[in-house]
Each structure stands twice: as structure tokens, then as C-alpha cells.
Amino acid sequence: MDTPLARLLPLFLLPAILAAAPPPLPAQAPGTTGTATAGPVEQHPEWDAPYTRLIRQATTAPQFSTPMVDHLPASATVPTPLAFLGYIAGAPDRLTYAEDVHAYMRALAAASPRVRVFSIGRSEEGREMVAVAVADEATIASLDRYREITERLSDPRRVSEAEAQALIAEGKPIYWLTGAMHSPETGSPEMLMELAYRLAVEDTPMVRAIRANVITLITPVLEVDGRDRMVDLVRWHQANPGSPMPPLAYWGHYAGHDNNRDTLGLGLALTRNVLKAFFDWHPQVLHDLHESIPFLYISTGTGPYNAWLDPLTIAEFSRMADLEVQELTAMGLPGVWTHGFYDGWSPNYMFWVGMGHNAIGRFYETFGNLLPSTEDRTVRGWSERAWFRPNPPLPAVRWSLRNNVNYQESGALLALADMAGNRTHFLEQYWTLGKRAVAKARTEGPAAYVFDGAQKRQGQLRDLARLLQSDGIEVQVADKAFAVAPLWPPATVARAGDDGKAGGGRPPEKRPPSGSEPVSFAPGSLIVRMDQPYSRLADALLDTQYVRGDERVYDDSGWTLGFARNLEFRRIVNPDVLAVPMHPWREGGSAAVALKGAALAVANDADTDLVRLRTALPGARILVALEAINGPRPWPAGTVLLPLGGADTAALGKALAALNLRTETLASMPPVATRELIVPRIAILHTWLSTQQEGWFRLAFEDLGIPYAYISTQQVAAEPDLRAKYDVIVFPPADGSPQEIVDGLPPGPPLPWKKTALTPNLGVDSTDDMRPGLGVGGVASLARFVEHGGLLITVQDTARWAVEFGLVRWVKVLDTPKLKASGSLMRAVVTDRASPIAWGYDDSVPVYFDGAPVFRVGAFARTEHEPARPSGRGGVDDPDVPQGRPYVGPPERPTPAPGEEGFQPPEDYRAFAAAYLPQPADRPRVIAAFPKKADEILLSGMLEGGDEIAGKAVVVDAPLGRGHVLLFACNPMSRVSTQGTYALVTNAIFNFDRLGLGWPPAK
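Here is the structure:
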């Protein structure tokens, strides 16, 4: 066998594949889709013949297997999946619950000294997650020592070069395989059970080498809650063969597909458990197993690659992918490829737990059927040949779950064999990446990021420091005030051809200064140094991003954590910042507050801690000032006042000690209008189309301690008086069109989602039939709710629904054919500071915007752009001068008064327009809007065609009867990462019955 792997790996690995190879099976006609052709199993006494026969039967054609996995070794003492479960991995119509997968792994560990099982945490619903270690007996007996070695190699500041080389010579690299992150992708837990058995039992040179040189770590099910729900649905479908299977409405408790987008916020138990386990083991590779496209995609990516990665990391994951593609192709597997699927840009994927910590992060996408049945599949475009896919998948194929298992397991074995043959390389590389990360502060830079200690929103700053520490990133605190010249951006930065539109960047004449002037920072400023092992992750999270509009990005384009939390920060290139006296940050609340006097004033800085104060003291009397408080220290409207007379000051002091709020004790109650700051009756509304986005809102509310009811659009449609139950209804994005929100799923047989004896794991909500949507009756019910004084908060597609179904007037959703703004952070100008929704905000706020919807507010259609001047004299900006009469220039356009923009009648039709002009109090109120200049919009990410959103509304408060509909073009609670805009939601909630303050504006 003369293959790339044979040439690259040590010779002792070569016989492994040869020893496992049976005599050639009958050839299949080229281009055929394949059917099972199992015959007698060859005489191999070391094989488990019944299991092997079932493998052959479940594989639809020999070309969809390899000599590594077309059999299973026999053992007299260690149970196979068939012996333990009653079926093989990849058996038709069989899937295994997470608990049973774990039970099998524990049975392996009980039977074999080569296997150990570790619990790594539990899900939100209490299900266990595990990690299974497989290696030879001596390695398993010394696991603690090998974990100590990788832990010591993770920080090159604590180990000398000589010590590191000794550790590398002694140590063993760790390869961590994870399965079933995405619940409809069902094959990996089945495969990983068989892989663990094979690694523990098989006696071929390749597997012996893997056991001797690699610690294989296996987490067979990441999303344990969703796995059990998916198995429930398969069981239901098998029991109801004539009915369509209900869609998987809930994967995890909060997130669906987005559970693989949580490494920026660490909001999910799944992510936190993986991160903790990573720090327990410090593996050199973290490899997620996914299923979607045919037949096996091995991750590299089309680019843009993440700009903060070490080039060595990119080179290594590319090397590994190319090796596996080449080797599997040489073994005869069609449709193994790389490059042309994922991009490589955003650090929000689970494998970035590895990538951000000097390990290699990678993933597979194998072809899955959703159900464990064998299906005839047509793949069309994925079968097209390309330079990165020279041996493409077949255009039509008969595909089984076992085929999926064969591809995954063959790839995993080759990856493990590669690590076994390059044991010291993987450890050396891990050490080297850490060294290069520590050197980064003085090589490519920057030296540090600094968050000024005197800024507002100290609660959000604390939460960011906590998040960074959870990621293993060191955060320091300045001992005293200091000043340093950032030396960024360089004075020589050139932006050739940038007119300020393509990316929202500044045109050359408006470039910022070079950063040579010192910038002052207060004592207590947070410093994130770049001379630490995980500096590249810190840099990736804290820097700003720029993505060209012609790039194809797989997910978000911009994610800068400082912007997303509405914090002030500076990128410091000057290494002098590293000499500032500092000490490690440790979490702690604010200094003790003297609770003596008439009242305590608490600043409303649009900080999440203010909400936590309210929810931490449910019985306390808390007021909010409806107007500014004058005095030696003025306080704006929205300031929170806690009367101290008769208050439980012990409880108040305890709550304040856990928070970081600006406070002042007042000798007397200010003589201003106030109202009680109560927690209203809140419902979060979901559809049965998708629960992907609303789960993040539930998680945000629970983090803040805000109580809520959880209701579906079907319940809304059936409830005649929502206002009797709720004050506020929050309708997060539904991932559906306005029509789909109303219509629901197509009519047909009922699609139940509820706990039964057959489906005991179905939650979080329940229904007898997922099909019905909101319906026209539900639209009317929500309209009545608002008209009777309720607040309806809508976001992105639900905001579009509110506009198109008539709950909001004088707002239009615009088409934006030129706009490209994929998941980016934009600047929004706060246009109405008098609204309680804007209390605590400064002149602008960063918002997360994903390209839609785009709102135009106003009563009259108007030209969005000035008409082009006619061809004639002068230049493009010169006036045209008709001949034969004196020049008369056009009059200046009138500047609209506050609240009038969009409601000025046409200049030449004023008399005709009067009947169509709404009264000022009825007009939608723009709370925040994009800047009117396109080159001032983008903060981080992608923006092309910015003129299509320049000046457009981002947050709109639309009165309806006695209530309000709040429209968000941005997502204020996206993936527990946008705390900077949480207060736009919570301000509205806590002031739902006072949103008319300051409206209409005084003339």
C-alpha cells in the first residue's frame, strides 16, 4: 500500500491497515448507488463474526467502508455494542439514549483496564455528560501524570526549555473526540461506542500504536438533553409509521443549532462543561463530529480565516485535513473533501475551546439521514467536482446510518494514527504555540487592552472580566492611575480606495490620529496583557473585526466583546503598558455603602446590575425618578431611589455588595415625581416554528432574575384577554416570515410535542399539535392586549410581522438590495433621550445587526436619495445653470423639528396631505437610529451598502391605544453576548406604563 499515510507515518503503523484488510470484496459497477451485499465473513478468528456480518449487511456498498472498520475484533471479556445493547453501531432503525451510551462506556471501563469514564458535568435538565479515556493499561494507570504534563506544557512561563523537552519526551498527546452536539445529527454516539471498543480490544499494529502513544478522550454525547428528545421522536415515528415525524422543536433547554455558537458568551452548561474539562485535560486536538453534507467534509475552510490565529495552527489543521482526505481517497472512499463549506472566521464555535487555547480545533461533517433508516438520496450540487473535491460524492446514493459510521470511524482512526506516529510533534507544537502567544505582546502585538476603571457600567465590566477568566485569560488591575501612548493605529495606515462606504471605515482624510499622544487611565483600570498563553484568544475576543462585503461568512462577522457590552476600551500597542504596576483581578462587589439618610440614589447607567438589584430585593420599595434631580450632584431622569426609612438595610447592603453600582446617600428625598419600580407580569412568547432565538432571551431573563411566563402563539390565539394576565409580552425572533408566524406549519396529521410513556423527554413546552400558528385570532388578541395598555416587544422578524400585520402604523420595512451586514456590531445614535427606554445611555450605543429588517418611519413616501443633477456645466457637486434667465437656486430643505422627521408633508402638497398626517402623540417614536453618514455606522464586522441603512430607525416605540409596540431592528439579547443593549429591553419592561413620558416633544 503506497499511500500518503504510509509514507508519512512510522513503518510500524503500516501493517495495521494491512492486517485488518479482508480479501477484496466483489467490485461494484462504477456510478451505482449501492445496495447491501453481505456474504460469508472471511475466516478471521480474531474477529467477531456475527457483528462483522451485521456491519456488512448495514453497509449499502463496499465502497462506503474501509478495511479499518468493515469488521469488529472479538473479545471474550469486553462487551461489544451488540452484546450490551442488542444491536451494532449504525444498525438500521436503532438509536441509543445518552444514558444508555454512557452505561455502555461504563461497561467497557468495568471490563477493560484500558478504559476509564469521567463525569464532566450536567446539562440544564440534569443529564450527565461524560469523557471516556482510552489508552493502554500503563497509560490509564498514570493518567494523572499525563494530565499534569499537558497542564505544565500549557504555560511556557512556568517551565524552562529543558524541562519542557523532558516533559515532551515523557508525555502523551490527548485527542478529544466529541459527538452529538447537534441533536438531529445522530450517528456519532453510535460510532464512538464502537470506536472505544475497537481501541480497547483490537490487536493490530495501528491500534496498538494508538493505545501506546495517544490518550483518546471521547465525549459521545455533548447535547444530552437534545439527544434524548431526538431518540424519543424516532421512537414515536416508528410507532406511527403513517404520520410525519414532529420537528425537533427543542434541542437543549435553551439553544438549538446555536449550541455551537456559545463560546463568546459561555451561557450554556454544555459549553461550560466542555471548557472545564478542557482545562482538566489540556488536549492537543478537539474534534467535533457533525453531520450534514455528503459524504465526509473535513474542516479547513474557504476563508476568511480568523485573523488572530497563529499561522502554525492554520498550517496544522490544514495538514491534518489534507492527509485524511488523501488517505481515505486512496482507500477507495468517494466524496471525502475539504475547504469549500465552512469559512474559518468566527471564534464562537465549540472547537474554539481548543483553538483558542493553543490546541487544534477541527470538525467533520458526514452525510446523515436524520432518521436511522436507509434511504435513497439525491445530492445534486454536492456531487460536482472541484479542485478541493476531485473525487466528489455520487449524485444519487442509497445511504445508511452504518455508512455514516464507517466514514466517521475511518477518519477518526486515521487522525489518531497520525497523532500516534507524531507523538512528540503534537506536544512540541502545543508548547510552541504557547511560547509564541506569550511573545505576541512584543512581536506582532498588541501589548494589551485596557478598560478604563472610571467608566460607567461597572457591572458589565465585571461580567466581562469574569467571562475572560472563565476562558483562562488573565485579567489585571492597575494599582494606580497611569498614562500611555497607545501607538495605534500606525500613522502610516493607508486605506487605498476606501470611500467610507464599502466597510463603514473612515475615508483617508478622516483617519484617527496615530496614537502617539498619551491616554490617561484611572486606578482600577482592567488590563488584559498579551504576554500570556491565551493571548490570541483574548486578542480575537477584544479586537475589532473587518470583513469585506464580498466575503462569504458562515456566521457572525463582528463580535468585539467591549462593544457588545457597551464598554470603553483601548487597544494598546505600546509595550510600556506592561510595566504599569498591576495585580490580578479577583471578583468582588463594590465597597460597602453607608446606608444612613433618607434615601439612596442609584445611577441608571444602562447596566445589567440595576436589574439585578431590583430582582434581588423583591419586597423592597424602590422608586424611579421621572425627572432630573438637581443638587450638588445632579441625577438624570431614570435614577433609582431607595427610601431608607423602614427599609431592610441589611438585605440592601448585601445586595449592593454583590453588585457594582454608582450610588449616593441623600439627606432627604428629592422633590421630584417618582413611581414605584415594580417587576411587571411578563410573558415570553414562542412559536412552534423555531425556538432557537427565544431560548437566548429566556436565558438572559433568568440570568438577571426576571420572572416570566412561557407561552406559545397557540395559547395567545386561544386567550381572549391577555391583558388580564400580562403587562409585557416579549416576542423574540421566530426564524420565520410574518406569514409563517401567523399560519404555522402546513395543515396535516397532528404533530404532538409532549411527554408520554413513548416520549418521556419531550419538553420544554408542550402541545397536542405543533401545526397551528398564531392565526388571525392571535393577531387580534395581541392587538387588544396592546390597546388595553400592554407592551409588546418585537425583535427582527417578529418586528417585521408587527409592521406587516397592522399592529404598527407609519413604519415601513424597506428592501435593501445593496446591503451586506452579516452579524455585525453597528453604532446606533440615541435620538430620544427623554424616553424611559433610553435612560442610562450615552449619545450612542453599539447594537448587533444582522442585515434586516430596515425600518423607515414616516407618514409619506419620500425619495431616499437626492436626485442626480442633470448633465451640464461644472462638476458633480456644482449647480446646474439654465440659460436665458438669471440663476435661481433651490430652497434649503427644512430641518425637521424633534418628532417631525418623516412626518413633514410634501412641500408642494401641504393642503392635500393634512388629512393623512397622524397626530403627534400617535406617531412612532424613534429611540435609536443608525448615523446619517454611512461611514460612521460600522464598529466591527461587515458593512457594504451602508447608505441603505444610514439614518434608519433601529429601535421604534409605536403607540397603539393605551399601550405600545416596541420594534427592534437589532437583536438586543443575542446569544447572551450583547449585554450593552439589554437595558433597552429592561428599561421598557420596568417602565411599560410610562413609555409616553416626553412624548410628543415640546414644541
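Take the sequence shown: its letter number 387 is residue 398 in our numbering, and every next letter is one higher.
Backbone N, C-alpha and C define an ideal beta-carbon position, used for all residues, glycine too.
In this text, all values refer to a predicted model and were calculated from it rather than measured experimentally.
Those residues which DSSP pairs with residue i across a bridge
i, result
"I185", "I226"
"W1", "The displayed coordinates of the chain run from 12 to 1014. Any statement about residue 1 would go beyond what the structure contains."
"A397", "R400"
"A489", "M593"
"P857", "R838"
"P783", "G755"
"H298", "L188, R373"
"F796", "In the DSSP output, where bridge partners are listed per residue, F796 has none listed."
"R867", "K823"
"L532", "In the sequence as displayed, the identity of residue 532 is Phe instead of Leu. According to DSSP, F532 bridges with F493."
"R409", "D387"
"R540", "A459"
"I804", "V741, L977"
"W646", "I640"
"V651", "V613, V635"
Nearest-angstrom Cα separation, counted from residue j out to residue i
i, j, result
"T77", "W812", "52 angstroms"
"V819", "A939", "17 angstroms"
"K736", "I695", "13 angstroms"
"T997", "P847", "10 angstroms"
"L700", "A636", "41 angstroms"
"S679", "P643", "13 angstroms"
"L36", "I185", "In this prediction, L36 scores a pLDDT of 41, lower than 50, which makes its location untrustworthy; the coordinate-derived value is nonetheless stated afterwards. Distance between the alpha carbons of L36 and I185: 35 angstroms."
"G786", "G747", "14 angstroms"
"G312", "L667", "48 angstroms"
"P761", "T767", "15 angstroms"
"E615", "Y852", "The sequence shown places Asn at residue 615, rather than the Glu named in the question. Answer to the nearest angstrom: the Cα atoms are 9 angstroms apart."
"V892", "A863", "41 angstroms"
"A999", "A711", "15 angstroms"
"V887", "T827", "25 angstroms"
"E172", "T555", "34 angstroms"
"D714", "E110", "29 angstroms"
"G508", "E955", "With a pLDDT of 39 at G508, under the threshold of 50, the modelled position of that residue is not reliable, and the figure given next carries that caveat. If you take the alpha carbons of G508 and E955, they lie about 14 angstroms apart."
"P718", "D738", "13 angstroms"
"I960", "V336", "44 angstroms"
"P195", "D104", "14 angstroms"
"A849", "L802", "16 angstroms"
"H264", "L281", "10 angstroms"
"A211", "V145", "7 angstroms"
"K287", "L425", "27 angstroms"
"Y927", "V539", "56 angstroms"
"D861", "C981", "7 angstroms"
"G346", "G190", "21 angstroms"
Integer Cβ distance of residue i from residue j, believed to fall under 8 angstroms
i, j, result
"Q915", "P907", "6 angstroms"
"L548", "D482", "6 angstroms"
"A207", "M116", "6 angstroms"
"Y98", "L83", "In fact, because the Cβ distance is near 13 angstroms, the residues do not count as touching under 8 angstroms."
"D474", "L334", "Contact doesn't hold; Cβ gap of about 42 angstroms is too wide."
Chain D within 8 angstroms of residue i, Cβ atoms only
i, result
"E395", "Absence of chain D from the displayed structure is noted, only one protein chain being present."
Residue i CB to nearest heavy atom of the ligand ZN below 7 angstroms
i, result
"Q68", "As for the ligand ZN, it is missing from this structure, which has no ligand bound."
| query | Which runs of the alpha helix (DSSP H) fall wholly inside the stretch 931-1013 and span at least 4 residues, in chain order? | reply | DSSP runs (the alpha helix (DSSP H)) wholly in the stretch 931-1013: 993-1001.
TODO: Taking only runs that begin and end inside the stretch 317-399, name each unbroken alpha helix (DSSP H) of 4 or more residues, in chain order.
DONE: 322-341, 363-366
Taking three-plus beta-carbon pairs below 8 angstroms as touching, is the stretch 397-412 in contact with the stretch 369-384? Segments in contact, yes.
* Which runs of the beta strand (DSSP E), 3 residues or longer, sit entirely within the stretch 555-639? -> 581-583, 593-595, 610-613, 634-636
Given 8 angstroms as the limit, is there contact between the stretch 164-184 and the stretch 431-438, that is, 3 or more CB pairs closer than that?
-> yes
**Request:** Tell me the start and end of each unbroken beta strand (DSSP E) in the stretch 665-750 that is at least 3 residues and wholly inside, in chain order.
**Result:** 674-677, 685-687, 693-697, 720-723, 739-742
Handout entry: the stretch 945-964 touching the stretch 833-840, judged by at least three CB pairs closer than 8 angstroms
Key = Yes: at least three Cβ pairs fall under 8 angstroms.
Counting only runs of 4+ residues fully inside the stretch 107-156, write out the alpha helix (DSSP H) ranges in chain order.
109-122, 148-152
Inter-stretch contact (C-beta, 8 angstroms, three-pair minimum) for the stretch 440-454 and the stretch 227-242: no
For the pair the stretch 312-332 and the stretch 556-569, tell me if three or more CB-CB distances fall below 8 angstroms. These segments touch.
Q. Would you call the stretch 570-588 and the stretch 982-990 touching, i.e. three or more CB-CB distances under 8 angstroms?
A. yes
State whether the stretch 750-764 contacts the stretch 772-791, with contact taken as three or more CB pairs (one from each stretch) at a distance under 8 angstroms.
Segments in contact, yes.
Decide if the stretch 266-283 is in contact with the stretch 358-365; the criterion is three or more beta carbon pairs, one per stretch, under 8 angstroms apart.
They touch, by the three-pair rule.
message = With three or more beta-carbon pairs closer than 8 angstroms as the criterion, would you say the stretch 788-797 touches the stretch 719-727?
response = yes
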